[in-house]
Amino acid sequence: MSDSTLEYYSRNAVSFAEATFAVNMQPLYDEFLPAIPEGGKILDAGCGSGRDALAFKNLGYRVDAFDACAELANIASFHLEQPVGCFSFDELRATNTFDAIWCCASLLHVPKAQLPGVFQRLQNALKPNGIIYISFKYGEGERTADGRAFTDLTEQSLNTLLAQNTGLKASNTWQTGDQRPGREHERWLNALLERVSGE
């Protein structure tokens, strides 16, 4: 995550959390949760306000969470009533730990050239039969908006990145509209990833 992106979230943590916490994510949960064992362990990677981690915790899953923004990690910790890590994807060192990893609108701030390495770290943190949910704004290339750096992906560009020795493949991809009021025209690429056989 770029310094300017981190500064944006540090400066706007409270308003960002308030604007996103009540967004209905149930359709995405319905795609993600059926593949996870009852009481399984989920990592919310780039957790923001902790909205999704709290939903998973309330459903009986064991949850860990982290965010690169200290202010958002503190807000998430308050909601979850448990510690939330403050570090970046580059600093993820877990191995064979999680039944599933949730990366909702968080990897989109990773520079495109760094994504294969981040995918490798996520794969390392995953148990052999685990899954990863990811989402990116739909499109091609890298851009800056409101001081934040974004990497936009399509199905093809995602598969190209995954083919770069990440140990992962997309088992399902689909597009959705933004769930926030007034932003329904914005398209998102969603994907479920799993280990390549033998990895």
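If you want the numbering used here, it's the position in the sequence shown, counting the first as 1, plus 837. Positions of the beta carbon are idealized from the N, C-alpha and C atoms, including for glycine.
Kindly identify the DSSP beta-bridge partner or partners of residue i.
i, result
"glycine 1014", "Arg1024"
"aspartate 989", "Gly978"
"aspartate 901", "Leu880"
"tyrosine 970", "Trp939, Leu1029"
"alanine 1007", "Leu1030"
"leucine 843", "Beta-bridge pairing links leucine 843 to no other residue."
"leucine 959", "Per DSSP, none; premise fails for leucine 959."
"glycine 922", "Phe903"
Taking the Cβ atom as the reference point for each residue, do residue i and residue j lie within a distance shorter than 8 angstroms?
i, j, result
"proline 948", "glutamine 1001", "no"
"leucine 944", "phenylalanine 973", "yes"
"glycine 877", "alanine 937", "yes"
"alanine 902", "aspartate 881", "yes"
"tyrosine 866", "alanine 892", "yes"
"glutamate 879", "phenylalanine 956", "It is worth fixing the name first, because residue 879 is isoleucine in this sequence and not glutamate. Going by C-beta atoms, isoleucine 879 is not nearer than 8 angstroms to phenylalanine 956."
"alanine 1028", "leucine 995", "yes"
"methionine 838", "serine 925", "yes"
"tyrosine 898", "cysteine 940", "no"
"glycine 984", "serine 841", "yes"
Locate the alpha helix (DSSP H) running through residue i, then write down its first and last residues.
i, result
"leucine 909", "907-917"
"lysine 949", "First-last for lysine 949: undefined, no H or E at that position."
"threonine 857", "850-857"
"asparagine 895", "888-895"
"proline 864", "863-869"
What first and last residue would you give for the beta strand (DSSP E) that runs through residue i?
i, result
"leucine 880", "878-882"
Near residue i, which residues of its chain fall below 6 angstroms by C-beta distance, leaving aside the five closest residues on each side in sequence?
i, result
"glutamate 1031", "Ile968, Ser1008"
"alanine 872", "Ile968"
"histidine 916", "Gly887, Leu891"
"alanine 931", "Ala962"
"cysteine 923", "Ala907, Ala910"
"lysine 894", "Val900"
With a CB to CB cut of under 8 angstroms and the five nearest residues on each side skipped, what residues in its chain are close to residue i?
i, result
"threonine 979", "It should be noted that the sequence gives glutamate, not threonine, for residue 979. Closer than 8 angstroms at the Cβ level, and outside the excluded window around glutamate 979, lie Pro948, Lys949, Ala986, Phe987, Thr988, Asp989."
"glutamate 868", "Tyr970, Asn1009, Trp1011, Asn1027, Leu1029"
Leaving out five residues on either side along the sequence, give the residues of the same chain with a beta carbon under 7 angstroms from the beta carbon of residue i.
i, result
"tyrosine 975", "Asp989, Thr991, Gln1012, Arg1024, Trp1025, Leu1026"
"asparagine 933", "Lys964"
"threonine 1003", "Pro953, Phe956, Gln957, Gln960"
"proline 874", "Asp936"
Please confirm whether any heavy atom of the ligand SAH lies closer than 7 angstroms to the CB of residue i.
i, result
"glutamate 1031", "This structure lacks the ligand SAH; in fact it carries no ligand of any kind."
So residue i packs on residue j, CB below 8 angstroms; how close in whole Å?
i, j, result
"alanine 854", "glycine 885", "7 angstroms"
"leucine 1005", "alanine 905", "Actually they are not in contact, since the Cβ atoms of leucine 1005 and alanine 905 sit about 21 angstroms apart, beyond 8 angstroms."
"isoleucine 912", "alanine 850", "6 angstroms"
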